[in-house]
Amino acid sequence: MVCRAGIKIAHQNTIALLLLLAACSLFFFGCGGGGGGGESVAVPLSVTSASIDSSGNISASLTGLRLTGSDFVALPAGRLEIRMTTSVSDLSGYVPAGSTYELTFYDSSGNKALNPAGQLIVTLAYNPVVLERQGADPSAIEIIAVDQNDLVAPLGGTVTSQDSSVTAMVSTSANPVRLIPAFARNFQPVQAILPLIELAYQGYKTALLERPAFIDPRGTQHPDRAKGRTLIQVGERALLTARLTDATGNPYTSFTWQLVAKPVGSIAAIILSAAGNSSAELVADVFGDYLVQLTAISPFSTDSGSYTVKARSYISASICVFCHDGSILSRYPNLLDSYGRPKLRNLAAPWQDSKHGTAFEAVKDSTSSLCMDCHTTGFLFADRDGNGTDDFLEAHGYDDFLVNVADWNTPAFDRGNGHLRSVTCESCHGPGSGKFDSQTNIPSHQYKVDISAGPCLGCHEIPDDLPGSSAHPQNLEDFHFNAHKSSGGIVMKNDPCFQCHVGQAFLSRVLNNGVKIGPSQVADPKGVTCAVCHDPHGEINPTHHYLRLYGATTIRANGQNLTVNAGKAAVCYNCHNANNALPDITVDPHGNESLMVEGVGGYDYGDATPVVVTHGDRVTDKCVTCHMTTANGTTHRRRLFEPDTGVYNTAGCLAGDCHLPGTGMALPTTGDRFNFNGKRAEIAALMAQLQVRINSLTGHSTNETIRVNYTNNFAAAKLTAVNRAAYNYQFVFRDGSVGVHNYPYAKKLLNASLNDLQGY
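As structure tokens, then:
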């Protein structure tokens, strides 16, 4: 959006601060940013304070800052302290372009205010030299907020280039908070590396295939699963895996594992479980903590790390519900999780009504112990010595209450402990005994579970041929799980990639009003796992697979935010979106699939005439309709063509009676089955033509890969024309569907670029 003065209004978001854009008013004041021009601007430390009057109003100024405020009625006679400091250089993808201003509110007694609710109009000076050296336009400047947990939130702002300032109105709640003029920088290097030791997992199917099964008193086989939880039950195994390269990317050549501490009475030992000793496991045989240490050696470094596996027994879901039913939220309103949500919100109610909370109902009359593997909590018949009995009854899992043979032949409803029925808190978070040293530390207990796929695949990886599995088409496998390791780990080392390839970063943006977090705030990065897309507690979209997002969602194209109805694909759209900012044609439209489907985001040469969007208009759930149809026992492989087998998954094409066999809309039965009426071949031919034309103009061989940004010594008009065409080529190429997602739009972009290049 552009105000009347021609000043761009940047994207708006909130963390604990709610942005309200100020008017395009002009402020002139001295800039104390200095002339250093580096990524951070050095300024002397300066402090000022201002009083809040009886009506809740305030005004203050400091070198490079001016603010006015109102509605601080809860702080009459209070005080605002402002400290100006030098900005740090790494702000999770943002480049500071001025000083940092830390705002702290105090009440009339001099105590730090808990919730300084009020509104401020803040104007900050920025240093234009920083923008020039980074090649950034002044319109990119905005105010960002950094809270006490170092969480960064872009707030937007109104830029006044005449006096190099940016203004925004904010509603305060975090205290203290730092405000910084800054701009986003694409591919800002960040220091990010996976931990040396990661907790791994083996799902249901994998464990059955690769390990001896446990056989219960009924002769039923049960998998020896490794669920990837820090908290495990006694008798369960923990699977650990090593990072394979050092901090500089050089492969380790040796791994040495040691169990350096274990509980008294334990005879547990490390078992090496992979070629090259890059993985290890242990079975917890006694309650307590097991400290594992790893030394990894590469030609250039020797690194060491440790991991603590904790063995516990199960307690009672009622203990969890006591705090997590919302009844004591008012006592601890500021106890927040890493995504800004109250930890003590009511989780019990949505869970009780969810598929997890009601899982036992579906099998309560069953006499099959196989069902209990997944429809109860803590079911692990850990007969590790092979004598036909569970060696660890003290784990107090569901099976540990089936003490007689007769119990195994009685409907499940009549046996087992009630609080272990269904998929309870401890199924995913792990057994909870010993978590509380006293009742006084319950609000601060660290009962966390990461977003690993392990707890999910312990059940949602059921083989198709498993007896009774016909009702459970949940043979899930997903290459998204390792998204954080893509491109040799490069995605961990620049901010734009980090925001989608690391699950915790994506969740922060979705759950915490767009707040961006960086590697320093993620101790154990994970990829796009089950819990990134689906809410395991059942709080969100219970009628739509508990998807984190559903329906209306925002994508960014051509410098504007567009709201579209993506149905079940709303989660997909939030990462498969290039966030491009045309008319900048020198950027890579990476991840632009949603833009192609919707028919936006390409360079249209001024022709804004909309095209008929085929799949974008006619397929309600967009990506999900085609890419998540059940094929080969899974809904999550997402590939529509398996190159190894030559098999096409065309089930989605039949949805809505679209490409039915025997009709004029039928797909080809041989060759490229997605080449409907030759349209993919047509798009491929147009891409080839454009590739040849661009390479001819730039002096490259005809089959040279098209670049993102050409810098030839051309006349400005010719260079612009080449880069426009290259952008559109990349837009179609990056989409990857060769016209399937949106044939009319792909054709329009390619033809427009070919026509534009005719004059050169």
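Residue numbers (the numbering used here): 631 to 1390.
No residue lacks a Cβ here, since even glycine has one placed at the ideal position from N, Cα and C.
Bear in mind that the values here come from a model prediction, so they are computed numbers and not experimental data.
Does the distance from the CB of residue 863 to the CB of residue 1008 come in under 8 Å? For residue 863 and residue 1008, yes; Cβs fall inside 8 Å.
Using 10 angstroms around the beta-carbon of residue 796, count the other beta-carbons present and answer buried if the total reaches 16, otherwise exposed. Its Cβ being crowded by 16 or more others within 10 Å, residue 796 is buried.
Should the region 910-928 be called in touch with the region 874-892, which here means at least 3 C-beta pairs below 8 Å? Segments in contact, yes.
Residues of its chain near residue 1259, where Cβ-Cβ distance is below 6 Å and the 5 sequence neighbours each way are ignored: 1281 and 1282, listed in sequence order.
Locate the alpha helix (DSSP H) running through residue 811, then write down its first and last residues. Element bounds for residue 811: not the alpha helix (DSSP H) but the beta strand (DSSP E), 807-814.
Do you know whose CA, among 725, 729 and 736, lies nearest residue 703's CA? The shortest C-alpha separation from residue 703 is found at 736.
By Cβ distance, which residues of its chain are closer than 6 Å to residue 1316, with the 5 residues on each side in sequence left out? Result list for residue 1316: 1380, in chain order.
Spatial distance of residue 830 from residue 866 (CA atoms): About 13 Å.
Take residue 1363 as the anchor and find which of 1251, 1024 and 1337 has the nearest alpha-carbon. Nearest C-alpha to residue 1363: 1337.
My understanding is that residue 1159 touches residue 1128, with C-beta atoms under 8 Å, so please give their C-beta distance in whole angstroms. About 16 Å separates the two Cβ atoms, so there is no contact after all.
Buried or exposed (CB count within 10 angstroms, at least 16 for buried), residue 1000: Flag for residue 1000 reads buried.
Under the three-state reduction of DSSP, which class applies to residue 1134: helix, strand or coil? Three-state DSSP puts residue 1134 in a helix.
For residue 1224, the three-state DSSP class (helix, strand or coil): In the structure shown, residue 1224 sits in a helix (DSSP, three-state: H, G or I).
Answer with buried or exposed for residue 929, where buried requires no fewer than 16 other C-beta atoms within 10 angstroms of its C-beta. Residue 929 is exposed by the Cβ-count criterion.
What are the partner residues of residue 885, as DSSP defines its beta bridges? According to DSSP, residue 885 bridges with 926.
If you measure between the beta carbons of residue 798 and residue 773, is that distance less than 8 Å? Their beta carbons are under 8 Å apart, which means residue 798 touches residue 773 by this criterion.
For the beta strand (DSSP E) that contains residue 1195, what are its first and last residues? Counted as a single uninterrupted DSSP element, the beta strand (DSSP E) harbouring residue 1195 occupies residues 1190-1195.
Where residue 1305 falls: helix, strand or coil (DSSP): Of the three classes helix, strand and coil, the one that applies to residue 1305 here is coil, per DSSP.
Using the Cβ count rule (16 or more neighbours within 10 Å means buried), how would you classify residue 776? Buried, by the Cβ-count rule.
Find the nearest neighbour of residue 1213 within the set 1193, 1228, 849 and 1234, judged by alpha-carbon distance. The candidate whose alpha carbon is nearest that of residue 1213 is 1234.
Could you name each continuous beta strand (DSSP E) segment of 3 residues or more that falls completely within the region 737-792, going from the start of the chain to the end? The qualifying runs are 748-755, 772-776, 782-784 and 788-790.
What residue from 1344, 1386 and 1324 has the CA that sits closest to residue 1360's CA? Check the Cα spacing between residue 1360 and each of 1344, 1386 and 1324: the tightest is with 1324.
Residue environment, residue 1166, which counts as buried when at least 16 other CB atoms sit within 10 Å: Result: buried.
What residue does the beta strand (DSSP E) around residue 1349 start on, and which one ends it? Element bounds for residue 1349: not the beta strand (DSSP E) but the alpha helix (DSSP H), 1346-1365.
Please state the DSSP three-state secondary structure of residue 955. Reduced to three states, the DSSP call for residue 955 is strand.
Span of the alpha helix (DSSP H) around residue 837: Run containing residue 837: 834-840, per the alpha helix (DSSP H) assignment.
Can you give me the C-alpha to C-alpha distance between residue 804 and residue 1226, rounded to a whole angstrom? For the pair residue 804 and residue 1226, the Cα-to-Cα distance works out to about 39 Å.
For residue 840, does the count of other Cβ atoms within 10 angstroms reach 16, so buried, or fall short, so exposed? So residue 840 ends up on the exposed side.
Note down, in chain order, each residue of its chain lying with its Cβ closer than 6 Å to the Cβ of residue 976, except the 5 sequence neighbours on either side. Result list for residue 976: 955 and 956, in chain order.
Name, in chain order, the residues that DSSP records as bridge partners for residue 920. DSSP lists 939 as partners of residue 920.
Could you tell me the distance, in whole angstroms, from the CA atom of residue 676 to the CA atom of residue 856? The alpha-carbon atoms of residue 676 and residue 856 are separated by roughly 55 Å.
DSSP three-state assignment for residue 1282, whether helix, strand or coil: Three-state DSSP puts residue 1282 in a helix.
List the endpoints of the continuous beta strand (DSSP E) containing residue 1383. Here residue 1383 belongs to no beta strand (DSSP E); instead the alpha helix (DSSP H) covers 1373-1386.
Let me make sure I understand the geometry here. Which of 1183, 1219, 828 and 754 has the alpha-carbon closest to that of residue 793? Minimum Cα distance to residue 793 is reached at 754.
Does DSSP put residue 975 in a helix, a strand or coil? In the three-state DSSP reduction, residue 975 falls in the coil class, being neither helix nor strand.
Is residue 1311 helix, strand or coil by DSSP? Looking at residue 1311 - three-state DSSP - the assignment turns out to be helix.
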